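Colleague: Okay, so the sequence shown: first residue is 1 according to full-length UniProt numbering, each after it adds one.
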Amino acid sequence: MRFIHVADLHFDRTFEGVPKELPADFLKKLNQANEKTLKNIITSAINQNVDFVIFAGDTFHQKNPSLKNQQLLMQQFQRLEQVEIPVYLIFGNHDYYDENRYWFSFPKNVVLFEEEKVKSFIATTQAGERYAVSGFSYRQQYLHKSMTQEFPMRNSQVDYHIGLYHGDVQDANFAPFNLSELKSKNYDYWALGHIHQPTQLSEEIIYPGTPQGHTKKELDLGNVLLVDLSGDKVNLKEIPVAAVRWQKSVISLAHCENNATVLNYLKEQLTPLATAQTRLLEITLTETQHLVNFADMIVNGQLQDLLNQQWPAQIFVHKLAVQETKAKISLPASDLLKKQLLQEFSHSEIFKEVLADLATNKITAALLEDDEFCQEVLEQVTEELDQQFEWGQK
Numbered sequence: 001m002r003f004i005h006v007a008d009l010h011f012d013r014t015f016e017g018v019p020k021e022l023p024a025d026f027l028k029k030l031n032q033a034n035e036k037t038l039k040n041i042i043t044s045a046i047n048q049n050v051d052f053v054i055f056a057g058d059t060f061h062q063k064n065p066s067l068k069n070q071q072l073l074m075q076q077f078q079r080l081e082q083v084e085i086p087v088y089l090i091f092g093n094h095d096y097y098d099e100n101r102y103w104f105s106f107p108k109n110v111v112l113f114e115e116e117k118v119k120s121f122i123a124t125t126q127a128g129e130r131y132a133v134s135g136f137s138y139r140q141q142y143l144h145k146s147m148t149q150e151f152p153m154r155n156s157q158v159d160y161h162i163g164l165y166h167g168d169v170q171d172a173n174f175a176p177f178n179l180s181e182l183k184s185k186n187y188d189y190w191a192l193g194h195i196h197q198p199t200q201l202s203e204e205i206i207y208p209g210t211p212q213g214h215t216k217k218e219l220d221l222g223n224v225l226l227v228d229l230s231g232d233k234v235n236l237k238e239i240p241v242a243a244v245r246w247q248k249s250v251i252s253l254a255h256c257e258n259n260a261t262v263l264n265y266l267k268e269q270l271t272p273l274a275t276a277q278t279r280l281l282e283i284t285l286t287e288t289q290h291l292v293n294f295a296d297m298i299v300n301g302q303l304q305d306l307l308n309q310q311w312p313a314q315i316f317v318h319k320l321a322v323q324e325t326k327a328k329i330s331l332p333a334s335d336l337l338k339k340q341l342l343q344e345f346s347h348s349e350i351f352k353e354v355l356a357d358l359a360t361n362k363i364t365a366a367l368l369e370d371d372e373f374c375q376e377v378l379e380q381v382t383e384e385l386d387q388q389f390e391w392g393q394k
């Protein structure tokens, strides 16, 4: 049995962290990226001749999607209907379900999980394999209880049983679950959603990651999972579908003799990226100390502007920086300890306790409630720790 696992499409989300004034050709591609990504997903499903497609929550970013985006989604589902490919769709914490928000009827091939309780559907593939799909949807932004106990044990009357679950092991606000509880159900596959980074918790319990990154934190993301179930074996293949990818590039200028050679060298390094796919780039230049007045061209943005003129429809450099070369401070602490400390501070309660002083200000208090802001702070701290310190092995 073969299917595609999609999660966290956030179909109507805008791209964050890019300037409002972009080259016209590039801006056009950004504006069309979400629609193109969705079309790529549907086309992949048809080309792979899958038995069905799973959307594991947060298909929309907004709780009230626009009529235009609703219509675009229905039109793509109709493409699957025309070739008799079913869709199983649950709603997550961003697009939690309210039937009154939808102005278009979902096509008949779309199976909706509308309730905040587990339901199961049984169907048969064209090859005659019987399968069950169990799942639930959010009806509100937060779901503070685990839903694992509501899932039935594996149906012994089917060839395969699949669970759909939008939630998080660690965060109590989003249907927190225990890995062992999922495994105890003996399902053949758990199609998870909510975590944007591809994450495999177990052979059969998987977050596919977002198929279209919308922020600079979502680097090199943009795939869906093609899942093949054969007996007790799970075979996975990532299929690229993103219309635009965020990427970081570190480029050494050690071989550039002077400033006059820098631009051509950067063109050589970036041209392969421009011919491959539309990209939002963050570039860090290293080993620049021998180049006279080079930093001035970075600070005033002239080099960045010049680069963005080279491939106006394919590449946009949203950040260009120079990495200073300086000795790191050696610490008698292991990299493992650093990871453990960062993991501890990633828990929302501890994070907010450390930054409790910020809660006294209305603006900063609101930021503490923003999960993306908190995650970005932790990422910046991690980057600073790696740049400033040499971690020992003790």
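Yeah, the Cβ is synthetic: ideal placement off N, Cα and C, and Gly gets one too.
Given the structure is predicted, the values throughout are model-derived calculations rather than measurements.
#1: Name the two residues that bound the continuous beta strand (DSSP E) containing arginine 130.
#2: Cutting at 7 Å between CB atoms, please list the residues of its own chain near glutamate 238, excluding the five before and the five after it.
#3: Within the same chain, show all residues whose beta-carbon is closer than 6 Å to that of lysine 216, passing over the 5 residues directly before and after it, in chain order.
#4: One question on the structure: do alanine 7 and proline 208 come within less than 8 Å of each other, judged by their Cβ atoms?
#5: When DSSP labels each residue in this structure, what does asparagine 100 get in the three-state scheme?
#6: Near glutamine 269, what residues of its chain come up, given a Cβ to Cβ distance below 6 Å and the 5 sequence neighbours on each side ignored?
#7: What are the residues that DSSP puts in a beta bridge with isoleucine 122?
#8: At the level of alpha carbons, what is the spacing between histidine 161 and leucine 73?
#9: Report all residues from its chain with a CB closer than 8 Å to the CB of lysine 394; omit the five preceding and five following residues, and keep chain order.
#10: Take asparagine 100 as the anchor and find which of Arg139, Gln212 and Asp25 has the nearest alpha-carbon.
#11: What residue range does the alpha helix (DSSP H) around serine 156 cover?
#12: Using 10 angstroms around the beta-carbon of phenylalanine 373, count the other beta-carbons present and answer buried if the total reaches 16, otherwise exposed.
#13: Phenylalanine 389: which of Thr278, His290 and Ile329 sits nearest, CA to CA?
#14: Any idea if histidine 10 is buried or exposed, counting beta-carbon neighbours within 10 angstroms, 16 or more meaning buried?
#15: Can you pull the DSSP bridge partners for arginine 2?
#16: Return the chain-ordered list of same chain residues with a C-beta closer than 8 Å to the C-beta of phenylalanine 15, the five sequence neighbours on each side being excluded.
#17: For the alpha helix (DSSP H) that contains arginine 79, what are its first and last residues?
#18: What first and last residue would you give for the alpha helix (DSSP H) that runs through phenylalanine 11?
#19: Apart from the five residues just before and just after arginine 79, which ones in its own chain have a Cβ nearer than 6 Å to its Cβ?
#20: Measure from the alpha carbon of serine 202 to the alpha carbon of each residue in Lys183, Asp220 and Thr210, then state which is nearest.
#21: With a Cβ-Cβ cutoff of 8 Å, do valine 262 and leucine 236 count as a contact?
#22: As an exercise, report each continuous beta strand (DSSP E) stretch of at least 3 residues that is fully enclosed by the region 183 to 249, in chain order.
#23: Which first and last residues belong to the beta strand (DSSP E) in which serine 334 is found?
#24: Whose C-alpha, out of Val83, His166 and Asn178, is nearest the C-alpha of isoleucine 195?
#25: In chain order, what residues of the same chain lie with their CB nearer than 7 Å to the CB of tyrosine 189, ignoring the 5 residues before and after it?
#26: Give me the residue from Val322, Gln375 and Lys36 with the minimum Cα distance to threonine 286.
#27: Check whether the Cβ atoms of tryptophan 311 and alanine 365 lie closer than 8 Å to each other.
#28: Since glutamate 129 and proline 107 are thought to touch, with beta carbons under 8 Å apart, how far apart are those beta carbons, to the nearest angstrom?
#29: Measuring straight from C-alpha to C-alpha, what distance separates glutamate 114 and leucine 67?
#30: Within this structure, are the beta carbons of phenylalanine 91 and tyrosine 97 separated by less than 8 Å?
#31: Rounded to a whole number of angstroms, what is the C-alpha to C-alpha distance between serine 120 and valine 241?
#32: Applying the 10 Å Cβ sphere with the 16-neighbour rule, what's the burial state of glycine 135?
#33: Which of the three DSSP states is assigned to valine 322 in this structure?
#34: Only counting the same chain, and skipping five residues up and downstream in sequence, which positions put a Cβ closer than 6 Å to that of asparagine 93?
#35: From the DSSP output, in three-state form, read off residue 439 for me.
Modeller: In this structure, then:
#1: Mapped onto the sequence shown, residue 130 falls at position 130. Segment 130 to 135, the beta strand (DSSP E) holding arginine 130.
#2: Position 238 of the sequence shown, counted from the start, is the residue given in the question as residue 238. If we look at glutamate 238 and ignore the five residues flanking it on each side, its Cβ neighbours are Asn223 and Leu225.
#3: Within the sequence shown, the letter at position 216 stands for residue 216. If we look at lysine 216 and ignore the five residues flanking it on each side, its Cβ neighbours are Gly17 and Trp246.
#4: Within the sequence shown, residue 7 is the residue found at index 7, counting from 1. Within the sequence shown, residue 208 is the residue found at index 208, counting from 1. Against a cut-off of 8 Å, the Cβ pair of proline 208 and alanine 7 comes out as a contact.
#5: Indexing the sequence shown from 1 puts residue 100 at position 100. DSSP places asparagine 100 in helix when its eight states are reduced to three.
#6: In the sequence shown, the residue the question calls residue 269 occupies position 269. Cβ within range, chain order: Ile251.
#7: Taking the first residue of the sequence shown as position 1, residue 122 is located at position 122. DSSP lists Ala132 as the bridge partner or partners of isoleucine 122.
#8: What you label residue 161 is simply residue 161 of the sequence shown in a count that begins at 1. What you label residue 73 is simply residue 73 of the sequence shown in a count that begins at 1. Rounded to whole angstroms, histidine 161 to leucine 73 spans 27 Å at the Cα level.
#9: To locate residue 394, count along the sequence shown from 1; it is residue 394. With a pLDDT of 45 at lysine 394, under the threshold of 50, the modelled position of that residue is not reliable, and the figure given next carries that caveat. Here the set comprises Pro332, Ala333 and Ser334.
#10: Counted from its first residue, the sequence shown places residue 100 at position 100. Nearest C-alpha to asparagine 100: Arg139.
#11: Your numbering for residue 156 matches position 156 in the sequence shown. Where serine 156 is concerned, there is no enclosing alpha helix (DSSP H), given that its DSSP letter is neither H nor E.
#12: Locating residue 373 in the sequence shown gives position 373, where the first residue counts as 1. Phenylalanine 373 should be labelled exposed.
#13: The residue labelled residue 389 in the question sits at position 389 within the sequence shown. Among Thr278, His290 and Ile329, the Cα nearest to that of phenylalanine 389 belongs to Ile329.
#14: Here residue 10 refers to the residue found at position 10 of the sequence shown. Under this definition histidine 10 is a buried residue.
#15: In the sequence shown, the residue the question calls residue 2 occupies position 2. Looking at the DSSP assignment, arginine 2 forms a beta bridge with Asp228.
#16: Here residue 15 is taken as the residue at index 15 of the sequence shown, counted from 1. Once the five neighbours on either side are set aside, the close Cβ partners of phenylalanine 15 are Leu30, Ala33, His214, Thr215, Val244 and Leu280.
#17: Sequence index remark: in the sequence shown, residue 79 carries index 79 (1-based). Following the DSSP letters along the chain, one finds arginine 79 inside the alpha helix (DSSP H) bounded by residues 67 to 82.
#18: For the purposes of this step, residue 11 is taken as residue 11 along the sequence shown, with counting starting at 1. Premise fails: phenylalanine 11 is in no alpha helix (DSSP H) and is neither H nor E.
#19: Mapped onto the sequence shown, residue 79 falls at position 79. So the list reads Ile42, once near-sequence residues are dropped.
#20: As a position in the sequence shown, residue 202 is number 202, starting the count at 1. With respect to the C-alpha of serine 202, the residue from Lys183, Asp220 and Thr210 having the closest C-alpha is Lys183.
#21: Along the sequence shown, read from residue 1 onward, the residue named residue 262 stands at position 262. Along the sequence shown, read from residue 1 onward, the residue named residue 236 stands at position 236. Taking 8 Å as the Cβ cut-off, valine 262 and leucine 236 do not qualify as a contacting pair.
#22: 189 to 193, 199 to 202, 205 to 207, 223 to 230 and 233 to 240
#23: Here the question's residue 334 lines up with position 334 in the sequence shown. It spans 329 to 334 - the beta strand (DSSP E) in which serine 334 sits, taken as one unbroken run.
#24: Looking up residue 195 in the sequence shown gives position 195. The option with the nearest alpha carbon to isoleucine 195 is His166.
#25: Indexing the sequence shown from 1 puts residue 189 at position 189. Closer than 7 Å at Cβ, skipping near neighbours: Ile162, Glu204, Val227, Leu229 and Val234.
#26: Translated into the one-based positions of the sequence shown, residue 286 becomes position 286. For threonine 286, the nearest C-alpha among the options comes from Val322.
#27: What you label residue 311 is simply residue 311 of the sequence shown in a count that begins at 1. What you label residue 365 is simply residue 365 of the sequence shown in a count that begins at 1. Not a contact, by the Cβ cut-off of 8 Å.
#28: Counting from one through the sequence shown, the residue named residue 129 turns up at place 129. Counting from one through the sequence shown, the residue named residue 107 turns up at place 107. Not really, about 23 Å apart at Cβ, beyond 8 Å.
#29: Position 114 of the sequence shown, counting from 1, holds the residue named residue 114. Position 67 of the sequence shown, counting from 1, holds the residue named residue 67. The straight-line gap from Cα to Cα measures roughly 20 Å.
#30: For this step, residue 91 is matched to residue 91 along the sequence shown. For this step, residue 97 is matched to residue 97 along the sequence shown. Yes, they are a contact pair.
#31: Sequence index remark: in the sequence shown, residue 120 carries index 120 (1-based). Sequence index remark: in the sequence shown, residue 241 carries index 241 (1-based). Computed Cα separation, rounded: 29 Å.
#32: Within the sequence shown, residue 135 is the residue found at index 135, counting from 1. Per the 10 Å Cβ criterion, buried.
#33: By 1-based counting over the sequence shown, the position of residue 322 is 322. Valine 322: strand per DSSP, three-state reduction.
#34: Locating residue 93 in the sequence shown gives position 93, where the first residue counts as 1. Taken in chain order, the residues that qualify are Tyr138, Gln141 and Phe174.
#35: Residue 439 lies beyond the residue range present for the chain, which begins at 1 and ends at 394; the question has no answer from this structure.
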